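Protein sequence lines, in the order shown, are assigned to chains D and H.
Just so you know, we're using numbering that gives the first Met the number 0 here: the first sequence kicks off at 0 and counts up by one.
Just so you know, we're using numbering that gives the first Met the number 0 here: the second sequence kicks off at 0 and counts up by one.
Glycine included, every Cβ here is placed at the ideal spot set by N, Cα and C.
For clarity, every value in this text was computed on a predicted model and none was experimentally measured.
This report refers to the structure that appears directly beneath it.
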Amino acid sequence: MTDGDAIRLDVLRWHPDRPAAPWWQSYEVPYRADSTLLEALQTIKDALDGTLTFRWSCRMAICGSCGCMVNGRPELSCHLLLRDLAPGPVRLEPLAHFPVIRDLVIDQQDFLEKLPAVGAYLVPAADAEAAPDTPSRQTPAQMAEYYQYAQCINCLLCYSACPQYGLKPDFLGPAALALMARHDADSRDTGGSARKAARDAESGVWDCTLVGHCTEVCPQGVDPARAINRNKTASARDYVFDLLMPGRRR
Amino acid sequence: MVTAQTPEVQVIDCDLVIVGGGGAGLRAALAATLADPGLDIRLVSKVVPMRSHTVAAEGGAAAVLRDDDSFEQHFEDTVSGGEWLCDQPAVEAFVAACPRELSQLERWGCPWSRQDDGRVQTRFFGGMRVQRTWFAADRTGFHMLHTLFQTSLRYPSIRRHDEFFCTDLLVDERGLAGVLGVDIAAGTPVVYRTRAAVLATGGAGRVYAHNTNAGIVTGEGMALAGAHGVALRDMEFVQWHPTALPGSGILITEGCRGEGGLLLNAEGRRYLQDYGLGPPEPWPRPRAMELGPRDRLSQAFWQEERAGRTVATPQGGAVLLDLRHLGAARLAERLPMISEVARRFLGIDPVATPIPVRPAVHYTMGGIATGLDGETTLPGLFAAGECASTGIHGANRLGSNSLAELLVFGRAAGEAAAAWARSAPARAGGSLQRDAQAHAQHWYAQLTGDRSAGQPRVAELRTAMQAAMEDGVGIFRDADGMQRACQTLGELRARYSAGLALDDHSRHFNTEWLSAIELGHSLQVAETIAHAALARRESRGAHVRRDDWSARNDENFLVHSLAYCDPEGPPRIEHAPVRLTRSAPAERSYGGAGARVTLD
Ligand SMILES: Cc1cc2nc3c(=O)[nH]c(=O)nc-3n(C[C@H](O)[C@H](O)[C@H](O)COP(=O)(O)OP(=O)(O)OC[C@H]3O[C@@H](n4cnc5c(N)ncnc54)[C@H](O)[C@@H]3O)c2cc1C
Ligand code: SF4
Ligand code: FES
């Protein structure tokens, strides 16, 4: 394929005013090897069809807005080059396993509510938080314990790849569990015990069936599968301790 | 009036609304709730907070940390970097507050890059005499934003309305009274009846075609305040970042040069030595060569391009950013995102090949005129972050002062707005609701525009605006070009008022309609930039003229510009004195003088 040829995008569309059934629509856009898939969508929006609806913002794979299914796989549209999709056609669908608001726009509310529920924030020791005139110390080795999990951009691709989330939407899911591990593993954190209940609950870590697709699709190398395993180890350890030493305070 | 197109405006009562969930808005929300946990605070944003543009900031945030640094030096670098257009009391307060604010973020979990013994690591940025930039690899804004967002989850008193698009501020005889907007998913109008509001809506880089900014950086907050007579200050000062990817404008952080990266022209020469920034030693010298300030570097590129010494790329001329000598390990540790961007978007491995770069619009130095607590001339309205002008950036912002500013002034504005909300009387009554309905009607009428009357598409007018700005109000400016831009923008304003053609007439998540509303605000902001530029008959910092006014003129123009918007006509430009305390305007010199340093 050379620049100037047309490449076809087939987009699965849905609108709340036409709730009965989604429909496929095809668009021919000028092919440029260096263009991103997002740029092709913007061309449609600006010049061909202003009704096509999708989210985007940073166009550099860091804001997490632009996820969608591309030829059946969850991807960031800003991070895919047309050259890697040629000759097409390219099939675009909203991220799997989420309710659709319109076209490629999914409802992310479920995930946003899980974040506070799993304690996806650092809980500093009270005296540390109250006296922030200087930074505290943390060695590179201590940072390495959690750093990978701190790279999550909340793009939700892993949820679309997770068969368990597809079956059971109350499963906390890869990113929420990775963010839980991120804070548990931080030497500055004191919030571990508060996260424990969510982790050990039925919809928590044990729902994961270790398929590992989440890690394969993650654009940031977060490796949620490893984070979940870490959580499982912690959960199992707590379970054993609780059996052997009932009433142990943690 | 409730009509077929315009649903009834829903009224929600609260104490304080924060518009914007970027670094400044989140810091303001946290400050407000920590100061007064009893307040009903609403954080509204057109994107979920962690999608805000702060997420894209790469290089780092400035604060005095090292023993060889001092507030005095941070002050001097900032004021000379801003070519003495900075308000010096604001800079004094700013530099003194930065260390505490960055440390606070550390306590909340921000993973600042560390030295082996666990202390925070710092790097050089342009225009600094000491390594003052705290960084979290090259994803500093990402980590800061997620830390703030996650911390905000600890406080249920901060109630969010994500994907709420703010269209208007409403006022009554006492001042700010309401924040009107559209719930994006439902497409219904909502007004927050409130005692106070903080605008934290970010910059306006998208009024230009080539920019490093996210798509949402369209300047509404500035126009929202401008619509109520609040001055937009120093709008002519637009920062071009010298190193962005040709075409897409994706940023290649200044941190690359802070780590020792070099800039080469097509002949392989470190051309900055030809623009008063030398000498070109092999080791980094603070405030020299590649570590010179952004305005000077972007201007040098422009000259090189005119002289035909750039490398051709399909998206225009470029110079080469050479990182090869840093080696694979340092690139992986300090600049991983940049390395990935180069590989992904250019198919280049910076370990082996230099990266082609050219300048792109990056930052809006001007903004809503505020005092040190974010207060504006409209009672109850506060502003913070890139949308505001506290006066710290002057004619050229130093890289990494902005992320620090979000925290320092976001906090100040949040606390001041909380105190205001506590003491101001509650708003009530139906007049606000009627006012809201009338404003909503105006926007909902746009939904019906179609192509039958030959009206333009949103993209057509937006492209024309961006072209006018690139053409007339660029890195180098002259009277003819700026006049042409003013003229074109006036015509575009008239065409916009005459109506746009939308394909999409539905209310639900109608992003075509939202971009039409954005465009109306962007046009107002673009006009303030062009007119303020035309009125500044001198050259200073990022505003450089090639006509009769190519020199700095302290006698007549050591003044801020104040642009007052007019919905029907061009903005009115006035000028006001700059507040100086201890640094008298002097020659701005880079290069030569700096001492040799070793990077650790
Ligand atoms: C690529 C890049 C790299 C950068 N790197 C650095 C750096 O290393 N160091 C540094 O100091 N600075 C850097 N900057 C500058 C700095 O990142 C920005 O100035 C800063 O992040 C702006 O933050 P903010 O909170 O003011 O606004 P933003 O983060 O832009 O947030 C604006 C918020 O307002 C909301 N909003 C806007 N309009 C509306 C509306 N109409 N209705 C509802 N909500 C609205 C948005 O949804 C968003 O939540 C960089 C900038 C860019 C472009
Ligand atoms: S873990 Fe990876 S795929 Fe999942 S949300 Fe985070 S960044 Fe996206
Ligand atoms: S647009 Fe931000 S991740 Fe793709």
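| query | What is the rounded straight-line gap between the Cα of residue 513/H and the Cα of residue 294/H? | reply | Residue 513/H and residue 294/H: Cα-Cα distance of roughly 33 Å.
| field | residue 208/D vs residue 163/D beta-carbon contact at 8 Å | value | Yes, the pair counts as a contact, with Cβ atoms nearer than the cut-off.
| query | Taking C-alpha atoms, which residue in 578/H, 38/H, 585/H, 148/H lies nearest to residue 88/H? | reply | In terms of CA proximity to residue 88/H, 578/H leads the group 578/H, 38/H, 585/H, 148/H.
| request: Ignore the nearest five residues each way along the sequence and tell me which others in residue 443/H's own chain have a CB closer than 7 Å to its CB. | output: Listed in chain order, the non-local C-beta contacts of residue 443/H below 7 Å within the same chain comprise 4, 5, local neighbours out to five positions each way being set aside.
| query | For residue 7/D, which residues of its own chain have a beta-carbon under 6 Å away from its beta-carbon, when the five flanking residues on both sides are left out? | reply | Contacts found: 25, 27, 87, 88.
| Is residue 411/H near ligand 3, judged by its Cβ being under 7 Å from some heavy atom? | Outside the cutoff, so no.
| said: Strictly by DSSP, which residues pair up with residue 133/H? | reply: Beta-bridge analysis with DSSP links residue 133/H to 60/H, 121/H.
| field | Residue-chain proximity (residue 442/H, chain D), Cβ-Cβ < 8 Å | value | The Cβ of residue 442/H sits no closer than 8 Å to any Cβ of chain D.
| query | Taking three-plus beta-carbon pairs below 8 Å as touching, is the stretch 252-264 of chain H in contact with the stretch 131-138 of chain H? | reply | Between the stretch 252-264 of chain H and the stretch 131-138 of chain H there are three or more inter-stretch CB-CB distances shorter than 8 Å, so the stretches are counted as touching.
| query | Below 8 Å between beta carbons: does that hold for residue 234/H and residue 28/H? | reply | Going by beta carbons, residue 234/H and residue 28/H fall outside the 8 Å limit.
| Nearest-angstrom Cα distance between residue 248/D and residue 192/D? | Only weak support exists for where residue 248/D lies, its pLDDT of 42 falling under 50; the value from the coordinates is given anyway. Roughly 9 Å separates the two Cα atoms.
| request: Would you list, in chain order, the members of the stretch 15-26 of chain D that have their beta-carbon closer than 8 Å to a beta-carbon of chain H? | output: Residues passing the 8 Å Cβ filter: 15, 16.
| query | Is the distance from the Cβ of residue 54/H to the Cβ of residue 154/D below 8 Å? | reply | Cβ atoms of residue 54/H and residue 154/D: not closer than 8 Å.
| message | Using a Cβ-based criterion (distance less than 7 Å to any ligand heavy atom), does residue 246/H qualify as near ligand 3? | response | Residue 246/H: no, Cβ never under 7 Å from ligand 3.
| field | Under 9 Å from the C-beta of residue 152/H: neighbouring residues of chain D | value | Near residue 152/H (Cβ distances below 9 Å), the residues of chain D are 114, 115, 118, 119, 120.
| request: For residue 25/H, collect the residues of the same chain with a Cβ closer than 7 Å to its Cβ; drop the 5 residues on either side in sequence, then sort them by chain order. | output: Only 48, 147, 148, 151 meet the Cβ criterion.
| said: Give me, in chain order, the residues of the same chain whose beta-carbon lies closer than 7 Å to that of residue 90/H; leave out the 5 immediate sequence neighbours on both sides. | reply: Within the same chain, residue 90/H has close Cβ partners 74, 77, 78, 391.
| request: Count the other C-beta atoms from every protein chain shown that fall within 10 angstroms of the C-beta of residue 267/H, then say buried if there are 16 or more, exposed otherwise. | output: Counting the other CB atoms within 10 Å of its CB gives residue 267/H a total below 16, which places it among the exposed residues.
| My guess is that residue 300/H and residue 318/H are in contact by the Cβ rule of under 8 Å, so how many angstroms apart are they, rounded? | About 6 Å; that satisfies the 8 Å criterion.
| Would residue 18/H pass as a contact of residue 63/H if the rule is Cβ separation under 8 Å? | It is not a contact, given that the beta carbons lie outside the stated cut-off.
| message | Under DSSP, the beta strand (DSSP E) around residue 262/H begins and ends at which residues? | response | Unbroken beta strand (DSSP E) run through residue 262/H: 261-263.
| task | Keeping to the same chain, check which residues put their C-beta closer than 7 Å to that of residue 472/H; ignore five residues upstream and five downstream. | result | The answer, listed in chain order, is 481, 484, 528, 529, 532.
| From the beta carbon of residue 136/D, is the nearest beta carbon of chain H less than 8 Å away? | Chain H, which has a Cβ nearer than 8 Å to the Cβ of residue 136/D, makes this yes.
| field | Three-pair Cβ contact test at 8 Å for the stretch 192-205 of chain H versus the stretch 412-419 of chain H | value | In the pairwise beta carbon analysis, the stretch 192-205 of chain H is classified as touching the stretch 412-419 of chain H: at least three pairs are separated by under 8 Å.
| task | Consider the Cβ of residue 164/H: report whether some Cβ of chain D lies at a distance smaller than 8 Å. | result | For residue 164/H, no Cβ of chain D is located within less than 8 Å of the residue's own Cβ.
| query | In or out: residue 35/D buried (at least 16 other Cβ within 10 Å) or exposed? | reply | Residue burial annotation: residue 35/D is buried, with at least 16 other C-beta atoms found within 10 angstroms of its C-beta.
| Where residue 535/H and residue 272/H are concerned, what is the direct C-alpha to C-alpha distance, given to the nearest angstrom? | Using only the alpha carbons, I get a separation of about 29 Å.
| query | Can you find a CB in chain H that lies within less than 8 Å of the CB of residue 153/D? | reply | At a cut-off of 8 Å between beta carbons, residue 153/D contacts chain H.
| request: Return yes when the C-beta of residue 210/H is under 7 Å from any heavy atom of ligand 2, and no when it is not. | output: No - ligand 2 has no heavy atom lying nearer than 7 Å to the Cβ of residue 210/H.
| Contacting positions in the stretch 385-416 of chain H - beta carbon closer than 7 Å to chain D | Under the 7 Å Cβ criterion, the stretch 385-416 of chain H contributes no residue.
| field | Contacts of residue 59/D in chain H (Cβ-Cβ under 7 Å) | value | Using a Cβ-Cβ cut-off of 7 Å, residue 59/D is close to 55, 249, 340 of chain H, given in chain order.
| Across which residues does DSSP place residue 678/H in a beta bridge pair? | Absent from the model: residue 678/H. The displayed extent of chain H is 0 to 599, so no value can be given.
| Does the Cβ of residue 265/D lie closer than 7 Å to at least one heavy atom of ligand 3? | Residue 265/D falls outside the range modelled here, since chain D spans only 0 to 249, and no answer is possible.
| task | Starting from the C-beta of residue 498/H, find all residues in its chain whose C-beta is less than 8 Å away, skip the five residues before and the five after it, and write them out in chain order. | result | Cβ within range, chain order: 445, 448, 452, 454.
| query | Which residues in chain D sit within 7 Å of residue 468/H, going by Cβ to Cβ distance? | reply | Chain D residues near residue 468/H: none, gap ~18 Å exceeds 7 Å.
| query | residue 176/H: which of 494/H, 427/H, 558/H, 550/H sits nearest, CA to CA? | reply | The residue with the shortest Cα to Cα distance from residue 176/H is 427/H.
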